[in-house]
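Have a look at the structure below before the remarks.
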Amino acid sequence: MTITTLPSYRWAKVWLRNRDVFLHLWKSESIWPVFEPLIVMLGLGFGLGSFVNLTTGESYLQFITPGLMAAFPMWGTIAESGWGAYNRMSTQRTYDAIMATPVSLDDIVAGEVVWAATKGLISAVYLLIVALVLTPFYDLVRSPLVVFALPVALLSGLMFASMSLLATSFVRSVSQLAYFVSIVIMPMFWVGGVFFPLDELPAAVQSLSWFMPLAHVVEIQRGLMTGDIGLAELASLLWVVVVTIGLFAAVSWSMRRRLIR
Numbered sequence: 000m001t002i003t004t005l006p007s008y009r010w011a012k013v014w015l016r017n018r019d020v021f022l023h024l025w026k027s028e029s030i031w032p033v034f035e036p037l038i039v040m041l042g043l044g045f046g047l048g049s050f051v052n053l054t055t056g057e058s059y060l061q062f063i064t065p066g067l068m069a070a071f072p073m074w075g076t077i078a079e080s081g082w083g084a085y086n087r088m089s090t091q092r093t094y095d096a097i098m099a100t101p102v103s104l105d106d107i108v109a110g111e112v113v114w115a116a117t118k119g120l121i122s123a124v125y126l127l128i129v130a131l132v133l134t135p136f137y138d139l140v141r142s143p144l145v146v147f148a149l150p151v152a153l154l155s156g157l158m159f160a161s162m163s164l165l166a167t168s169f170v171r172s173v174s175q176l177a178y179f180v181s182i183v184i185m186p187m188f189w190v191g192g193v194f195f196p197l198d199e200l201p202a203a204v205q206s207l208s209w210f211m212p213l214a215h216v217v218e219i220q221r222g223l224m225t226g227d228i229g230l231a232e233l234a235s236l237l238w239v240v241v242v243t244i245g246l247f248a249a250v251s252w253s254m255r256r257r258l259i260r
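Sequence positions in the sequence shown follow numbering that gives the first Met the number 0 and run 0 to 260.
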């Protein structure tokens, strides 16, 4: 077993292993990322949206689409680096088998994080296609800057994957991941700017949202889809980069603590 402080090129072997498993199951694994965001987008956009008047003058469907571009890839990412990673780590003992090869634990962590981010990227691709298809009718995509939405989705996927894998490294049963979702993910999902304008929420919630990674991703995606990019969006991008680096370093340390005895 090789122990390193930085991942080597062999992280790609872990990514390829997970990709091959996904390709065997792609039919069943593709239903949820395609239809659930579409149902939420149309259900809330046309259902709840008929009762919502935004001060910005845009429709509610226009408002929530960038938020969903940030939020639903997050769900796919944390599911893969949460429940999926726990099963590979503790139930299937896949990590132990991999570490018996020249692949190091750092390679495993990097491969898992990048693969989970890839799953989030796939979800973002589905959502962007839907948004582009609906744009001639509902003007959802209003800027060519939307081409950067997918790289941002990949970057945010690396952040959420590191966050979820860090939580996974501490839990002792798969059911304990529900605490991570309830305490960390759900508050971000509901008050991270996906469904409600942050500037209309109480000041305390606005201050709290600054510490929520999802709020920054929503702000970036909204700016890319509307073309309204300024210093605030660039600051959010820098925030995401710094937090991603910090979380990846933390999960590398924590997984070594968990698995190397």
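For glycine and all other residues, C-beta sits at the position ideal for the given N, C-alpha and C.
Problem set entry | Three-way DSSP call (helix, strand, coil) for F188 in this model | Residue numbering aside, residue 188 sits at position 189 when the sequence shown is read from its first letter. Helix at F188.
Problem set entry | Assumed close pair T225, S103 - CB separation to whole angstroms, cut-off 8 Å | What you label residue 225 is simply residue 226 of the sequence shown in a count that begins at 1. What you label residue 103 is simply residue 104 of the sequence shown in a count that begins at 1. Not really, about 43 Å apart at Cβ, beyond 8 Å.
Exercise. Using 8 Å as the threshold, is the stretch 173-180 in touch with the stretch 190-202, meaning 3 or more CB pairs across them?
Worked result: no
For this session: Going by CA-CA distance only, name the one from I228, A231 and F188 that's closest to L264.
Result: Given that the chain is displayed from residue 0 to residue 260, the structure contains no residue 264 and the question cannot be resolved.
For this session: Keeping to the same chain, check which residues put their C-beta closer than 7 Å to that of L144; ignore five residues upstream and five downstream.
Result: Here the question's residue 144 lines up with position 145 in the sequence shown. Around L144: L223, G226 and I228.
Problem set entry | Nearest-angstrom Cα separation, counted from N17 out to Y94 | In the sequence shown, counting from the first residue as 1, residue 94 sits at position 95. In the sequence shown, counting from the first residue as 1, residue 17 sits at position 18. Those two C-alpha atoms are separated by around 12 Å.
Exercise. By the 10 Å Cβ neighbour count, where 16 or more other Cβ atoms means buried, how is W209 classified, buried or exposed?
Worked result: For the purposes of this step, residue 209 is taken as residue 210 along the sequence shown, with counting starting at 1. Result: exposed.
For this session: Let me know the secondary structure DSSP gives T3 once reduced to three states.
Result: Here residue 3 refers to the residue found at position 4 when the sequence shown is read from its first residue. Summary for T3: the model assigns pLDDT 45, below 50, so the residue's position carries little reliability; its value from the coordinates is reported in the next sentence. T3 falls in the coil class under three-state DSSP.
Problem set entry | D19: first and last residue of the uninterrupted alpha helix (DSSP H) it sits in | Taking the first residue of the sequence shown as 1, we reach residue 19 at position 20. It spans W10 to H23 - the alpha helix (DSSP H) in which D19 sits, taken as one unbroken run.
Problem set entry | Runs of beta strand (DSSP E) lying entirely within the stretch 138-178, each at least 3 residues, in chain order | none
For this session: Please go through the same chain and pick out, in chain order, the residues whose beta-carbon is closer than 7 Å to the beta-carbon of I77, but skip the five residues on each side of it.
Result: The residue given as residue 77 occupies position 78 in the sequence shown. F159, S163 and I184, listed in sequence order.
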